[in-house]
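Everything below concerns the one structure shown next.
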Amino acid sequence: MQIGVLYPQMQAGGDPSHAARFAKAVEDLGFDYLLITDHPLGAAHVDRDPPLEGDTDENNTFHDPFVLMGYLAGVTERLELSTGVLVLPQRQTALVARQAADVDLFSGERLRLGVGVGWNYVEFEGLNENFKTRGARQEEQIELMRRLWSEPVVDFTGRFHRIDRAGINPRPKRSIPIWSGGFGERAWDRAARLSDGFIFWGYGGVDEAVKTIADIRERVTSYGRSAADFGGEYTSLSNLSDNLVAECNGWREGGGTHFAVCTLDFGFDTDIDAHIDYITKVAKELGVS
């Protein structure tokens, strides 16, 4: 099982020096990958109808994932760079395909693209995309991106896209792995039909995630796909004084392939050294280093 770390950009204060220092520490400590979250806009929650139900707002800091991963590709050597998750349907599909291809090329095939449909309707409006059709749009986007990565010229007509005999060049040397994140039946079924793996956030606990990944893999098989290589990632929200080690062991025993450690909301705030000190202890406890 691969063990990674979530980059705490929501609390990193936007200091550009933090990204390189943290990523290098993650790599030097022996972790396998760095997980990067996504929000182009932070929306104020007050006086919204309907209410915004997510846990980020205008006070959280975010870097663009592709810019950040392009930068980190140059300051790391082996660390996998993964989005967890990129809100795909609020972005232009051909542009995402181009950006992902370049990150994969410049990093030496170290990109794993985690995608989700998002929850912030204010963000969709600000990016001129339709919040209500985001699930259907993402399904078409996954199909189209894979074609853009594999075919020199694409002629595509869908519900949301029209590409008239055009392509991206250079293309990636492989089909970039696409994993899905989200909650509920629609997200699980979409992943089983279209994705290479599923990303869980640790709200429901490891036991529930183990049951769900088993169910998703059964669905993968029912759709005529091989479940043997279908990945499962669990992003833990626990710390060392809680049940982080037990969660890691439980996810491994339950068939998980990836486990991400989180440093958010542990009182470290913008002190990146405190975040690094913590993951140093985690690496020792989990047997990473």
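Residues in the sequence shown are numbered consecutively from 1, following full-length UniProt numbering. A virtual CB, placed ideally from N, CA and C, is assigned to each residue, including glycine.
Output needed for residue 223: all residues of its chain with C-beta closer than 7 Å, excluding positions within five of it in sequence on either side, in chain order.
Taking the first residue of the sequence shown as position 1, residue 223 is located at position 223. Here the set comprises 192, 193.
Are residue 180 and residue 190 closer than 8 Å when you measure CB to CB?
Within the sequence shown, the letter at position 180 stands for residue 180. Within the sequence shown, the letter at position 190 stands for residue 190. Yes.
Quick check: the region 273-287 against the region 247-264, are at least 3 beta-carbon pairs closer than 8 Å?
yes
Quick one: using the 10 Å Cβ neighbour count with 16 as the cut-off for buried, is residue 82 buried or exposed?
For the purposes of this step, residue 82 is taken as residue 82 along the sequence shown, with counting starting at 1. By the 10 Å Cβ count, residue 82 comes out buried.
Supposed contact pair residue 49 and residue 80 - C-beta distance, whole angstroms, cut 8 Å
Here residue 80 corresponds to residue number 80 of the sequence shown, with the count starting at 1. Here residue 49 corresponds to residue number 49 of the sequence shown, with the count starting at 1. Not a contact, Cβ separation roughly 41 Å.
Assuming contact is defined by CB atoms lying nearer than 8 Å, are residue 36 and residue 97 in contact in what I supplied?
In the sequence shown, the residue the question calls residue 36 occupies position 36. In the sequence shown, the residue the question calls residue 97 occupies position 97. If you check the CB distance, residue 36 and residue 97 do not come in under 8 Å.
Look at the alpha carbon of residue 27 and the alpha carbon of residue 230, and state the distance between them as a whole number of angstroms.
By 1-based counting over the sequence shown, the position of residue 27 is 27. By 1-based counting over the sequence shown, the position of residue 230 is 230. Cα-Cα distance, rounded: 25 Å.
Cβ pair residue 84, residue 163 closer than 8 Å:
On the sequence shown, position 84 is the one that residue 84 refers to. On the sequence shown, position 163 is the one that residue 163 refers to. Result no, Cβ atoms of residue 84 and residue 163 do not sit closer than 8 Å.
Taking C-alpha atoms, which residue in 140, 132, 160, 173 lies nearest to residue 151?
Mapped onto the sequence shown, residue 151 falls at position 151. Considering only alpha carbons, the answer is 173.
Report the start-end ranges of each alpha helix (DSSP H) in the region 85-124 that is 4 residues or longer and not cut off at the edges.
93-107
Quick check: the Cα distance between residue 115 and residue 3, rounded to an integer number of angstroms?
The residue given as residue 115 occupies position 115 in the sequence shown. The residue given as residue 3 occupies position 3 in the sequence shown. Near 19 Å, if we compare the C-alpha coordinates of residue 3 and residue 115.
According to the neighbour-count rule (16 or more other Cβ atoms, all chains shown, within 10 Å of its Cβ), is residue 228 buried or exposed?
The count along the sequence shown starts at 1 and reaches residue 228 at position 228. Residue 228 should be labelled exposed.
How far does the alpha helix (DSSP H) with residue 17 in it extend, from its first residue to its last?
In the sequence shown, residue 17 corresponds to position 17, counting from 1. It spans 16-28 - the alpha helix (DSSP H) in which residue 17 sits, taken as one unbroken run.
Candidates 282, 277, 242: which alpha carbon is nearest residue 261's?
Indexing the sequence shown from 1 puts residue 261 at position 261. Nearest C-alpha to residue 261: 282.
Residue 176 by DSSP, collapsed to three states: which one?
Here the question's residue 176 lines up with position 176 in the sequence shown. Coil at residue 176, not helix or strand.
Assuming residue 29 and residue 122 make a contact with CB atoms under 8 Å, what is their CB distance in whole Å?
Looking up residue 29 in the sequence shown gives position 29. Looking up residue 122 in the sequence shown gives position 122. Contact doesn't hold; Cβ gap of about 37 Å is too wide.
Are residue 90 and residue 124 closer than 8 Å when you measure CB to CB?
Counting from 1 along the sequence shown, the entry for residue 90 is found at position 90. Counting from 1 along the sequence shown, the entry for residue 124 is found at position 124. Going by C-beta atoms, residue 90 is nearer than 8 Å to residue 124.
Which residue marks the beginning of the alpha helix (DSSP H) containing residue 278, and which one marks its end?
As a working note, residue 278 is residue 278 in the sequence shown. Element bounds for residue 278: 272-285.
Could you tell me if residue 203 is buried or exposed, where buried requires 16 or more neighbouring beta carbons within 10 angstroms of its beta carbon?
Position 203 of the sequence shown, counted from the start, is the residue given in the question as residue 203. By the 10 Å Cβ count, residue 203 comes out exposed.
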